[in-house]
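Chains as they are written, first to last, in the working numbering: chain A, 20 to 366; chain B, 20 to 366; chain C, 20 to 366; chain D, 20 to 366.
In structure tokens, the structure reads:
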């Protein structure tokens, strides 16, 4: 008998949803029991809605799942949401209203005062916000950050804990898959980069302050540092690279920063969450690393690789960091949050 | 009769040298009289040493020029140098020793206290340093900045003049042609970016302070601001994009910064230098510009396009800027310096 | 006074239409008088409907043209059509019904028995088919071939004229811009090629036989050779490369083929059509040419560059050829047809 | 105790050699005992000579192997050679002279009358040629084909067996890694393809005829069909795509060709060679497949994927096929040959 918890994936046919489906194959705690996609997919088997490449390697009990539409009755107590933000708000709230726990990659609820925005290794204690949601619905909503913030906030965490951040200037070089399907046109990205990603920079500026903030009296007090972000799209398939400069409350030499980062294991190492990598942060040894193609799959896509930590010239420190935007930045982020919730008895 | 000044190009067969040769075709002031390349090219006609693509469009009086080697006697009073920095020092000094004026793109002499590092629109008065060189040689050496600095320093100039720079954090997304031939391997730049360019960041950190510095008592007093740089290679043919955040001595709103930049014409507009663009700086109107492929050829490659000027979050201002690295960043930079020298009676 | 012929462009806001608009700026014979685009563009100035990149360099009398919709009354006797094929049939026929001459890049009418499919240098005599259209409408419709066929048929013409073609096997490596906007997704073309282009191969197999066919009794008798085609999309912006193998009725050595191709000037050299290149065909000298990026702009994009002509191993000859798909393959093809019609007194 | 056969890898630090080293980790029959590379690598541990990316994932007993130079004494009876062809001839012959069996990916000996050129699934009986080598040396040399031929000959085999090939026209779209390190410059492959690969086409034209030939009286009688090839480099990391048209001795409909290919298991299925894929050929179902990025890793890189089998227009059939050039086309090809030799008692 399969004693695993039945889970549903909302938005299962997009790039992040398909990745979630793959990550749930043979998951030790969760069993993919149902999938939800847009109206026009109703009643079709999941396998018929995925591209050949996205369906490759999925077992028949998963490709054969009949796709449900947003209105239909669900049965799973735990839902993983990869819905587009435009529809996520309504659908996720309805599910919470039915008493389900929704662990969402969508941005719709990230800034709600009573919704935790969580990277398990960084701020697992923010799940305490779920209590405050009880006044809104019997279930709950937990979110993970924007795909670039997942990289950024993870490598800022040990620095903030050790030295206190003051200012952060970041330029992100973001991969194509971060835009979902169909994403940018090939015509715009051959021999080119695009120095603007709609809606991205406010998230990169705001979310790290909530994630690294402190829960007091049931609400998050944002961390007291400033972030300035420039988001650029580059012709890379997967892997967001961030170029970071920061100043600290307590000045640290590069070696101290490296020590703080390389020794950091995060705050859930004891939980042995299935999707957690052995090392949430790794320091690249070679001077020209991390590179998207070479480093995005470290730790199954969950490890953030940091490189080139050095004195910053204008601010205290400069470094680059990278992780797989669909894994650490999206599907894996949501799944790890679901695992954290389960380990804490919330699902 | 051709009354133009005979000029020589040192290092005529590389990417920058070939571009210089093209820019000298039908130049109103200068006539390409001789070309110098490495030993192994001796005696061959220039056309035989250029790739088909580099030779395309050159008239026969230029492709037919017999290539001289570094030791050979030269006749031109004015030399444009696109030599690799490894050999530039010796060859350029020898030429200066013979009384010639060498206008160089090489980095060998940029940091010499008595060698001007010049962007004509920004600091033409630095040519005054040439006087101090008289103790070393009868000729002179004038340099232009690193290709990324050419973009950066040009857009910083009006900000520094109007508000005073304090800190500058820059991430550069640099094109392949900036590495010369053969440059990075295709295998390393498909589905990838490279977060390190050897030797680049110290130049980006140091050169703007000299360029925006002040000549006092025959030497340059560096401008008093700090620069931190991260240099990344991206799969773009031409066009260095810089992502800049900066803080100012006198805080300015984005509109004030735009006004300062868009109204700026530089300090040589009256000289009508042939290679000077109508606008050294242009502000892009669209939110996703400048883009390397779409904007690198503005003003014949000499215009720096600035975009996305906005409040910076962590520092006062953020913006992006771009120009053609082989033109504004190298060949055009040297040629414009030569034109400035001529207009000032120095050549 | 402007004595040029007023012309209209149908489908002026797409990639081909915008290119046509650019090619009409300062055209010696034609004056762009009106532009037509889809309903949703009605009444807006053309400049507002083009991307910044497509609008760059256009004079204000053109960007200011108010866009008409398909139903609206037109005034130009000559129309250049860059309409999508899905709507071209109806709109072009309506215009012909009003007595206008429509020179079209769309595929809608290419296979009609009474519609000439013309490459001016190859088969200008096919315009005789226009007589047969009089039973359908007072105006006329003239078409140019598919963008890959424009390259292929032009280099096959001298071979067919000199030796007679028997079999042609072609693999096309087609550029992204051939797919129009938005075209293939970047995600599908980074580190990849796509071995299928919907609807393309039947055109490549069929159109050359009509173009190289013979007009007899007012209809075209297709040329008697067979074509097999495989169409592949590659990550190139512009420039379709075709890899051709062919057998001939009268066997020819590679040098004979080169002589036939390099000496060929086509059949309209005497007309001095403004858009005709000096050489419709050029033979590349270097063994690794033509290359899309290096050769697509030869002859303003109208020259077909042929390379690597050699004995074929399995069939008599093998070679590669290339031209700019938006110019020789689309906008320039239509414009050259319009010029031919004008020179022949048809417009 | 480790009863596996000790093997050496010649040329272990190149792209193919490094792949071989990886494929030997935990190989069931062979144990990597020694590695040979060029003089300048002498005495260093293998791990220090591989790039970080190439070394990733190798166990310490392999990265710690001290690299030997070509002259040094070897101990392994079986050698896998990934040497550059320029040095392969001499080194491989010396090893054969010492009684070793050299299974080589180099082209140096492929056309020797007494050297088998083998794809195990296609022509395992060609190993009989080894007898004839006894007059030259006590050991033996076995070769695998060129990387594009590995794809081509594997899909031609069932067609030749069932219908007899007459003419084959092929255009190859070859990946960057096929050129080894450093390979083509990024500058030449952004927004471009290169329609020539030095030395490649004669191999593609000649090798399939030997591979599909018949051993009679101790020599191979080449198969009686003609091949014409055009080799193009495209900006793809791995995966050679071939576009094939062919005529047959006995005409076959596309369905018959598909049946012949999809039912084909090759001639060594009974041997259960460790590196042999379950299916040497697979037919892609989707119309736009195989694609390099999506299909190169099928069967661990050893499966050749065929797509778009259809009537050819000019010749009987057309189709496309693809496999991983470093695996099926090089390292895996050599390793599979070594396994075949071992299964046949030759090593």
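Here a beta-carbon is modelled for each residue, glycine too, at the ideal position from N, C-alpha and C.
Compare the beta carbon distance of residue i and residue j with 9 Å and say whether it is the shorter of the two.
i, j, result
"residue 285 of chain B", "residue 47 of chain B", "no"
"residue 206 of chain A", "residue 270 of chain A", "no"
"residue 340 of chain A", "residue 326 of chain A", "yes"
"residue 163 of chain C", "residue 355 of chain C", "yes"
"residue 358 of chain C", "residue 293 of chain C", "yes"
"residue 170 of chain D", "residue 328 of chain D", "no"
"residue 135 of chain C", "residue 149 of chain C", "yes"
"residue 276 of chain A", "residue 336 of chain A", "yes"
"residue 353 of chain D", "residue 106 of chain D", "no"
"residue 202 of chain C", "residue 204 of chain A", "yes"
"residue 308 of chain A", "residue 214 of chain B", "yes"
"residue 380 of chain A", "residue 65 of chain A", "Since the first residue shown for chain A is 20 and the last is 366, residue 380 of chain A is missing from the structure and cannot be characterised."
"residue 178 of chain B", "residue 267 of chain B", "yes"
"residue 173 of chain B", "residue 141 of chain B", "yes"
Return the Cβ separation of residue i and residue j in integer angstroms, given the expectation that the two are a contact with Cβ distance under 8 Å.
i, j, result
"residue 144 of chain B", "residue 234 of chain B", "6 Å"
"residue 43 of chain C", "residue 110 of chain C", "Their Cβ separation, rounded to whole angstroms, is 19 Å, which puts residue 43 of chain C and residue 110 of chain C out of contact at 8 Å."
"residue 251 of chain C", "residue 345 of chain C", "Not really, about 18 Å apart at Cβ, beyond 8 Å."
"residue 241 of chain C", "residue 222 of chain C", "Incorrect: roughly 14 Å between the Cβ atoms, too far for contact."
9 Å is my cut-off, CB to CB: does residue i come that close to chain C?
i, result
"residue 66 of chain B", "no"
"residue 201 of chain D", "no"
"residue 251 of chain D", "yes"
Out of the options, which one is the CA nearest neighbour of residue i?
i, options, result
"residue 63 of chain D", "D/45, D/31, D/337, D/262", "D/31"
"residue 332 of chain D", "C/166, C/227, C/353, C/161", "C/227"
"residue 159 of chain A", "A/118, A/237, A/277, A/287", "A/118"
"residue 342 of chain B", "B/298, B/72, B/209, B/97", "B/298"
"residue 188 of chain C", "D/212, D/83, D/246, D/133", "D/246"
"residue 67 of chain B", "B/50, B/86, B/94, B/51", "B/86"
"residue 200 of chain B", "B/102, B/319, B/295, B/318", "B/102"
"residue 165 of chain A", "A/362, A/127, A/176, A/98", "A/127"
"residue 51 of chain C", "C/59, C/36, C/58", "C/36"
"residue 258 of chain C", "C/237, C/279, C/310", "C/310"
"residue 244 of chain B", "B/253, B/262, B/95, B/176", "B/176"
"residue 58 of chain D", "D/90, D/296, D/131", "D/90"
"residue 330 of chain A", "A/315, A/313, A/348, A/263", "A/263"
"residue 133 of chain C", "C/237, C/45, C/97", "C/237"
Could you check whether the Cβ of residue i sits closer than 9 Å to any Cβ belonging to chain D?
i, result
"residue 215 of chain C", "yes"
"residue 310 of chain C", "yes"
"residue 313 of chain A", "yes"
Would a check of beta-carbon distances place residue i closer than 9 Å to chain B?
i, result
"residue 211 of chain A", "yes"
"residue 164 of chain D", "no"
"residue 63 of chain C", "no"
Would you say residue i lies against chain A (beta-carbon separation less than 9 Å)?
i, result
"residue 84 of chain B", "no"
"residue 195 of chain C", "yes"
Using a Cβ-based criterion (distance less than 8 Å to any ligand heavy atom), does residue i qualify as near the ligand FMN?
i, result
"residue 247 of chain D", "As far as ligands go, the structure on display features none, and thus does not contain the ligand FMN."
| query | Counting only runs that start and end within the region 67 to 108 of chain C, where is the alpha helix (DSSP H) found for 4 or more residues in a row? | reply | Taking only runs of at least 4 residues, the alpha helix (DSSP H) segments lying wholly in the region 67 to 108 of chain C are 71 to 74, 79 to 82.
| What are the complete beta strand (DSSP E) segments, minimum 3 residues, inside the region 194 to 221 of chain C? | Segments of the beta strand (DSSP E) lying fully in the region 194 to 221 of chain C: there are none.
| Every unbroken beta strand (DSSP E) inside the region 221 to 261 of chain D [3 residues or more] | If one requires a minimum length of 3 residues, the beta strand (DSSP E) runs lying completely within the region 221 to 261 of chain D are 233 to 235, 238 to 240, 245 to 252, in chain order.
| request: Mind listing, in chain order, the continuous alpha helix (DSSP H) runs of no fewer than 4 residues lying wholly within the region 280 to 343 of chain C? | output: For the region 280 to 343 of chain C, whole alpha helix (DSSP H) runs of length 4 or above, ordered along the chain, are 311 to 314.
| query | Hey, which unbroken runs of the alpha helix (DSSP H) at 4 residues or more fall wholly within the region 114 to 157 of chain A? | reply | For the region 114 to 157 of chain A, the full-length alpha helix (DSSP H) segments reaching 4 residues or more read 149 to 152 along the chain.
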